[in-house]
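Residue numbers (our numbering): 62 to 377. Yeah, the Cβ is synthetic: ideal placement off N, Cα and C, and Gly gets one too. As structure tokens, the structure follows; a few thoughts come after it.
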Amino acid sequence: EGKIVTIGEILVEIMATTLGHGFLEAQTLIGPFPSGAPAIFIDQVGKLGHPAAIVSAVGDDDFGTVNLERLKQDGVDVSAVAIHPGAATGSAFVRYRPDGGRDFVFNMRDSAAGRIAATPEAGAVLAEAGHLHVMGSGLPVPAVFGMVSASIPAIKARGGTVSFDPNIRVEMLRDPAGKAAFQTVLAATDLFLPSGEELSLFSGEADEGRAIAALLDAGVKEIVLKRGKAGASHFDRDGRTDVPGFIVEEIDPTGAGDSFGATFLVARRLGKSVEDCLRYANAAGARTVTVKGPMEGTSSFAELDAFIAATPVGAA
Ligand code: ADP
62 EGKIVTIGEI
72 LVEIMATTLG
82 HGFLEAQTLI
92 GPFPSGAPAI
102 FIDQVGKLGH
112 PAAIVSAVGD
122 DDFGTVNLER
132 LKQDGVDVSA
142 VAIHPGAATG
152 SAFVRYRPDG
162 GRDFVFNMRD
172 SAAGRIAATP
182 EAGAVLAEAG
192 HLHVMGSGLP
202 VPAVFGMVSA
212 SIPAIKARGG
222 TVSFDPNIRV
232 EMLRDPAGKA
242 AFQTVLAATD
252 LFLPSGEELS
262 LFSGEADEGR
272 AIAALLDAGV
282 KEIVLKRGKA
292 GASHFDRDGR
302 TDVPGFIVEE
312 IDPTGAGDSF
322 GATFLVARRL
332 GKSVEDCLRY
342 ANAAGARTVT
352 VKGPMEGTSS
362 FAELDAFIAA
372 TPVGAA
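This is the structure in structure tokens:
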């Protein structure tokens, strides 16, 4: 049935090890950890054994290599990841506040990810995609939006499908061009994967029920709302399914939504019931938050089965 393909940024994350003082004082940092929302997503698809590919760009440096090696090892086709001699792989330095929040110092503006281009290799991967997963974080790069908007009609024409994780920074919606890009993608979305306030931002409705109705009316076929430790809810024309989250100790929330989305999508493509898909996806998200590093907690089906058997769930 064809590969799951995504387009977008690859970077490394480097983490502070002390709470509170941030980067104002010298301290031990840990990393580099492979990262980037599209990279985490596609790594999880590969770990589940589903054919997977990413269209991206890295620098000709160790930060790029560490990502490429990881993705390859987990079964992802990286033939459409360009290696740019003139730009470095981007990085994000993250520190944790005592209240559990995170602050980032991004080193992305002139990175290789900003130079993702419609190369022949990208064209080849997209031409045989069975499913395109769109990540909002990459859409501001014009070449990314160009490939997304050109691929959607082609994929749909051959019976493929599209999912969309808005992964949004609010500034993107304030920009009229950004808003138009998001609306174009939403109109073609089979599976929409919002979390938190993204549901109301994209539907224009504050009330959850009205927001869901508006999105279904706009043509979205399935909506999966991510609810952090409370789990997730699925909505389609036939109704609603809620599955509670697993009870775990959250160590690092980065990547939960990405591994959740990848797992729901793969399970759905394998024909599992909505409830089973949500349970697997909740397990993937929960495993991700229990380890440091965005991509360190991605999971195979065997790991998810073992986790589900051993871990209590929260109240519905
Ligand atoms: P995003 O990362 O996109 O903001 P969430 O924070 O809702 O999305 O996390 C995605 C999924 O990961 C949740 O729906 C849930 O299944 C799982 N998850 C996230 N945080 C926790 C947590 N603290 N405990 C258990 N599961 C979690």
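(request) Within the segment 216-279, note down every full beta strand (DSSP E) run reaching 3 residues or more, in order along the chain. (result) Secondary structure within the segment 216-279: the beta strand (DSSP E) runs of 3 or more consecutive residues, fully enclosed, are 222-226 (chain order).
(message) Please determine whether the Cβ atom of VAL350 lies at a distance below 7 Å from any heavy atom of the ligand ADP.
(response) By one-based count along the sequence shown, residue 350 stands at place 289. Flag set: Cβ of VAL350 near the ligand ADP.
(request) Kindly examine the ligand ADP and report whether one of its heavy atoms sits closer than 7 Å to the Cβ of VAL205. (result) Counting from one through the sequence shown, the residue named residue 205 turns up at place 144. No; taking the cut-off as 7 Å, the Cβ of VAL205 has no heavy atom of the ligand ADP nearer than that.
(request) Starting from the Cα of THR250, find the closest Cα among ALA211, HIS194, GLY199 and VAL304 and give me that residue. (result) In the sequence shown, counting from the first residue as 1, residue 250 sits at position 189. Out of ALA211, HIS194, GLY199 and VAL304, HIS194 has the C-alpha closest to the C-alpha of THR250.
(request) Pull up the distance between the alpha-carbon of LYS64 and that of ASP104, whole angstroms please. (result) Mapped onto the sequence shown, residue 64 falls at position 3. Mapped onto the sequence shown, residue 104 falls at position 43. Spanning the two alpha carbons is a distance of roughly 13 Å.
(request) Determine the closest residue to PRO95 out of THR359, GLY280 and ARG271, with distance taken between C-alpha atoms. (result) Taking the sequence shown and counting its residues from 1, one reaches residue 95 at position 34. Nearest option by C-alpha distance: THR359.
(message) Which same chain residues end up closer than 8 Å to LEU277 when comparing Cβ atoms and leaving out the 5 residues on each side of it in sequence?
(response) Working through the sequence shown from its first residue, we reach residue 277 at position 216. Around LEU277: ILE284, PHE296, ASP297 and ARG298.
(request) For the beta strand (DSSP E) containing SER96, list its first residue and its last residue. (result) On the sequence shown, position 35 is the one that residue 96 refers to. Per DSSP, SER96 is one residue of the beta strand (DSSP E) stretching across 90-96.
(request) Could you spell out the range, first to last residue, of the alpha helix (DSSP H) harbouring GLY322? (result) Here residue 322 refers to the residue found at position 261 when the sequence shown is read from its first residue. Start and end: 317-330.
(request) With a threshold of 16 other CB atoms inside 10 Å of the CB of GLU258, please say whether the residue is buried or exposed. (result) Position 197 of the sequence shown, counting from 1, holds the residue named residue 258. GLU258 should be labelled exposed.
(request) For the beta strand (DSSP E) holding ALA143, just list the boundary residues, first then last. (result) On the sequence shown, residue 143 is found 82 positions in, with the first residue counted as 1. 142-145 is the span of the beta strand (DSSP E), which, as asked, contains ALA143.
(message) Looking at VAL119: is its Cβ nearer than 8 Å to the Cβ of VAL142?
(response) Here the question's residue 119 lines up with position 58 in the sequence shown. Here the question's residue 142 lines up with position 81 in the sequence shown. Result yes, Cβ atoms of VAL119 and VAL142 sit closer than 8 Å.
(request) Going by DSSP, name the residue or residues bridged to ILE68. (result) If you number the sequence shown from 1, residue 68 lands on position 7. Bridge partners of ILE68: VAL116.
(message) Quick check on PHE321: buried or exposed, where buried means 16 or more other Cβ atoms within 10 Å of its Cβ?
(response) Your numbering for residue 321 matches position 260 in the sequence shown. Only buried fits PHE321, as 16 or more other CB atoms lie within 10 angstroms of its CB.
(message) Looking at the secondary structure, which residues open and close the beta strand (DSSP E) in which GLU357 lies?
(response) Here residue 357 refers to the residue found at position 296 when the sequence shown is read from its first residue. No beta strand (DSSP E) holds GLU357; DSSP gives it neither H nor E.
(message) Quick check on the DSSP output: the alpha helix (DSSP H) that includes ASP164 runs from which residue to which?
(response) For the purposes of this step, residue 164 is identified with residue 103 of the sequence shown, where counting begins at 1. Where ASP164 is concerned, there is no enclosing alpha helix (DSSP H), although the beta strand (DSSP E) it sits in stretches over 163-168.
(message) What does DSSP give as the partner residue(s) for GLU364 in the beta ladder?
(response) Numbered from its first residue, the sequence shown carries residue 364 at position 303. DSSP output for GLU364 lists no bridge partner at all.
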